[in-house]
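Enquirer: Before we start, here is the structure in question, set down as structure tokens.
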Amino acid sequence: MVLSALGIAIGIATMVAVVGLSASSRADLMARLDWPGTNLLTAEAGEDTMGNDVVLPKNAVSTVERIGPVRHATATGEEDTRIRRSDAVPEERTAGVTTQAARPDLLEALGADVDQGV
Numbered sequence: 001m002v003l004s005a006l007g008i009a010i011g012i013a014t015m016v017a018v019v020g021l022s023a024s025s026r027a028d029l030m031a032r033l034d035w036p037g038t039n040l041l042t043a044e045a046g047e048d049t050m051g052n053d054v055v056l057p058k059n060a061v062s063t064v065e066r067i068g069p070v071r072h073a074t075a076t077g078e079e080d081t082r083i084r085r086s087d088a089v090p091e092e093r094t095a096g097v098t099t100q101a102a103r104p105d106l107l108e109a110l111g112a113d114v115d116q117g118v
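Just so we're aligned: the sequence shown equals residues 1 to 118 in full-length UniProt numbering.
In structure tokens, the structure reads:
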């Protein structure tokens with residue numbers, strides 16, 4: 001009888017833990033989705049059927065801007081340039097800092113402001 005009660009208690013505790021973990025994960029996911037807003041759509045180049053990288057056309061942003069409900073469109077990109085933190089570490093031993101590029105209207109499209117600096 002004691003073992004049956006213990007088994008039931010462990011089962012209930014496990015279910016409570018699983019449900020609590022699920023709710024926590026759901027809250028984290030919802031917070032991540034809400035950060036940029038539910039009205040933000042990101043499009044990026046993918047691969048063709050042969051697995052080769054595809055490049056978006058230069059007029060991709062202007063094409064998106066012509067879509068009826070779109071209010072803002074902008075572009076960002078990763079440059080194939082590495083910025084090293086220090087000359088003391090050889091280039092082949094560090095990946096450095098990734099360089100990102102953005103159009104000047106990125107902040108407006110995100111509805112964001114610069115907190116400090118220019």
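Cβ atoms here follow ideal geometry from the backbone N, Cα and C, with glycine treated the same way.
One question on the structure: do Glu47 and Asp53 come within less than 8 Å of each other, judged by their Cβ atoms?
Expert: Residue numbering aside, residue 47 sits at position 47 when the sequence shown is read from its first letter. Residue numbering aside, residue 53 sits at position 53 when the sequence shown is read from its first letter. Yes, they are a contact pair.
Enquirer: Give the DSSP-derived three-state secondary structure of Ala60 in the structure shown.
Expert: The sequence position of residue 60 within the sequence shown is 60, counting from 1. Three-state result, Ala60: helix.
Enquirer: Roughly how many angstroms lie between the CA atoms of Ile67 and Asn59, to the nearest whole one?
Expert: Locating residue 67 in the sequence shown gives position 67, where the first residue counts as 1. Locating residue 59 in the sequence shown gives position 59, where the first residue counts as 1. Going by the C-alpha atoms only, they are around 13 Å apart.
Enquirer: Considering only C-alpha positions, which residue in the set Ala27, Leu56, Arg71 is nearest to Leu40?
Expert: The sequence position of residue 40 within the sequence shown is 40, counting from 1. Measuring from the Cα of Leu40, the nearest candidate turns out to be Arg71.
Enquirer: Spell out the partners DSSP gives Asp53 in its beta bridges.
Expert: Your numbering for residue 53 matches position 53 in the sequence shown. According to DSSP, which records beta bridges pairwise, Asp53 is partnered with Glu47.
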